[in-house]
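When you line the sequence shown up against mature numbering (1 follows the signal peptide of the UniProt record, and there is no 0), it's residues -22 to -1, 1 to 171, in that order.
Here's the structure, in structure tokens; my notes come after.
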Amino acid sequence: MMIRTFPPAFLLLFFISITAQSQTQEETIFKRDIAKNELSIGAFNLVAFGALDIAYERILTPNTSWAIEGFILALNRDNEDISEAYSKDFSLTGKYKYFFGERTAWGFYVNGLAMISSGEYEDWNQDVQMRDGSFGYVKENYTDLALGFGLGGKFVSQQGFFVDLGTGIGRNLLSNDSPTIVGQFNVNLGFRF
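Here you go:
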């Protein structure tokens, strides 16, 4: 019976190729890199103003996504801090985001937005005379459509939890009884699934 031996260089080359192949197959794939859906809540608006701000986002490509956000002002408008911060009681906002990071929907982004909002807006009107004979502010109910843009950053953990910091500005187009400019400031906490 004859025993065959392999040269040491062949054995070394064989061992290196198996090790390299096993390393490439063991790359970990994290949830943040394969999941396509996200749900989040606007933590800043909830804590500071008592506004319920919920968003759903769908990842289209590694660098693009679309989102829809619903905003409802839940607290009483008699609080001056709230009435100065928001003239809207309700809004529905659609966004298309473009991300500059190398990871899937991660890092800094710019977005276009369209917002339908309604609420009560107080505006100076010199043509309306009050009961006391003075001229002044008049409150009007409105519903309007705004178009605008924004920017922000989204940072996602390996498990899918994320924080999305964003701001945006838009211009109302349809009504003279609405604020001319609308703004957004978001600190959203959420989960990618």
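Idealized CB from N, CA, C, for every residue including glycine.
K73 is bridged by DSSP to A45, L91. DSSP places N150 in the strand class (E or B) of the three-state scheme.
Here R36 has K14, N15, S43, W44 as same chain residues with Cβ atoms under 7 Å from its own Cβ, once five neighbours each way along the sequence are excluded. By DSSP's assignment, K66 forms a beta bridge with G97. G72 sits close to L91, with the two beta carbons spaced by under 8 Å. In the assembly as shown, E47 is a buried residue. Its beta-carbon has 16 or more other beta-carbons within 10 Å. V88 sits away from A124, with the two beta carbons spaced by 8 Å or more. Across the set P40, Q137, L17, T39, the C-alpha of L17 shows the shortest separation from the C-alpha of D31. The C-alpha of D122 is placed about 44 Å away from the C-alpha of I7.
Pairing Y64 with S96 gives a Cβ-Cβ distance that is not under 8 Å.
Spanning the alpha carbons of F86 and V25 requires a straight line of approximately 25 Å. From the listed residues G20, V165, L53, A83, the smallest Cα separation to L38 is found for A83.
For A26, the uninterrupted alpha helix (DSSP H) segment begins and ends at 21 to 27.
Straight through space, the alpha carbons of Q137 and G126 are spaced by roughly 32 Å.
Residue pairing of I37 in beta bridges, as defined by DSSP: S43.
Between N166 and A29, the C-beta gap is not smaller than 8 Å, which leaves the two residues out of contact. Taking 8 Å as the cut-off, the beta carbon of G130 is found closer than this to the beta carbon of G144. Distance from the Cα of K75 is smallest, within the candidate group R10, N41, E100, S153, for N41.
The C-beta separation of N150 from G20 comes to about 21 Å, leaving the pair out of contact by the 8 Å criterion. Nearest Cα to E98 within the set F140, F68, F133: F68.
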